[in-house]
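Just so we're aligned, residue 10 is where the sequence shown starts under this note's numbering, counting upward by one.
Heads up, the beta-carbon is just placed ideally off N, CA and C, and yes, glycines get one too.
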Amino acid sequence: MDRFLSNAVNKIDAKGRVSVPAHFRSVVQRKGFGDLYALRGLDVPAMDVGGVDLLERYEQRIAQEDPFLQTADDMSFFVHGDGSYVKMDQDGRITVSDFIREHTGISDEVAFVGRGFFFQMWEPKRLREHGEQVRERLRNLRQQAVKAASTGVSE
Numbered sequence: 010m011d012r013f014l015s016n017a018v019n020k021i022d023a024k025g026r027v028s029v030p031a032h033f034r035s036v037v038q039r040k041g042f043g044d045l046y047a048l049r050g051l052d053v054p055a056m057d058v059g060g061v062d063l064l065e066r067y068e069q070r071i072a073q074e075d076p077f078l079q080t081a082d083d084m085s086f087f088v089h090g091d092g093s094y095v096k097m098d099q100d101g102r103i104t105v106s107d108f109i110r111e112h113t114g115i116s117d118e119v120a121f122v123g124r125g126f127f128f129q130m131w132e133p134k135r136l137r138e139h140g141e142q143v144r145e146r147l148r149n150l151r152q153q154a155v156k157a158a159s160t161g162v163s164e
């Protein structure tokens with residue numbers, strides 16, 4: 010499987026490194042990623058981490074914008090200015106830099122969450138809170154869909 014799935018929490022060692030979960034490392038190896046690209050989440054206190062395909066996906070979207078408009082500038086600032094390459098060592102560890110810590114609130118543990126073609130790094134308590142909010146939003150959507158189906162009204 011060439012997707013980042015599931016989640017895990019790992020401790021940060023005394024040198025500020027954390028082991029990327031083995032099943033995530035195997036995806037990184039199968040896809041042949043030399044470096045990982047990390048981008049601050051736009052609306053969540055998490056880092057989106059993936060291979061060059063993650064960066065290229067954003068750059069393709071920027072290329073669709075008029076380069077003379079503010080939107081293209083803003084998107085480039087977000088993708089390039091709020092992004093950084095992350096090196097995974099031979100033991101599958103990455104350094105949890107100040108760049109990552111400041112945005113996420115990570116201190117001594119990292120929650121890794123699969124997101125398909127990329128994964129996220131979270132502070133574990135924040136991830137639990139976010140997960141509860143996500144499930145609540147999805148429950149509400151389901152309830153709205155069931156209600157609409159039973160009354161024959163679409164919203």
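In the structure shown, what three-state DSSP assignment does residue i receive?
| i | result |
| --- | --- |
| Glu74 | coil |
| Asp82 | helix |
| Gly92 | strand |
| Gly43 | coil |
| Gly101 | coil |
| Gly140 | helix |
| Val29 | coil |
Grab me the residues of residue i's own chain with a C-beta within less than 7 Å of its C-beta, minus the 5 sequence neighbours each way, in chain order.
| i | result |
| --- | --- |
| Gln69 | none |
| Asp91 | Leu48 and Arg49 |
| Val122 | Asn16, Phe128, Gln129, Trp131 and Leu136 |
Locate the beta strand (DSSP E) running through residue i, then write down its first and last residues.
| i | result |
| --- | --- |
| Ala23 | It is not in any beta strand (DSSP E) - Ala23 carries neither H nor E in the DSSP assignment. |
| Gln129 | Phe128 to Trp131 |
| Lys161 | As written in the sequence, residue 161 is Gly, which differs from the Lys given in the question. Gly161 -> no beta strand (DSSP E), and no H or E assigned at all. |
| Phe121 | Glu118 to Gly123 |
| Gly59 | Met56 to Gly59 |
Whose C-beta lies closer than 6 Å to the C-beta of residue i among residues of the same chain, with five residues either side of it excluded?
| i | result |
| --- | --- |
| Arg12 | Gly125 |
| Ala47 | Met56, Val58, Ser93 and Val95 |
| Lys20 | Glu118 |
| Met84 | Ile71 |
| Val88 | Tyr67 |
| Pro133 | Val18, Glu118 and Ala120 |
Which residues mark the beginning and the end of the alpha helix (DSSP H) in which residue i is found?
| i | result |
| --- | --- |
| Leu51 | No alpha helix (DSSP H) contains Leu51, which DSSP labels as neither H nor E. |
| Phe108 | Asp107 to Thr113 |
Excluding the 5 residues preceding and the 5 following residue i in the sequence, name in chain order all residues of the same chain whose CB lies nearer than 8 Å to its CB.
| i | result |
| --- | --- |
| Asp98 | Arg26 |
| Arg102 | Asp22, Arg26, Val27, Ser28 and Val29 |
| Leu45 | Val37, Val58, Gly59, Gly60, Tyr94, Val95, Lys96, Met97 and Ile103 |
| Arg39 | Asp11 |
- Item | the segment 64 to 84 / the segment 136 to 149 touching (three or more Cβ pairs under 8 Å) | no
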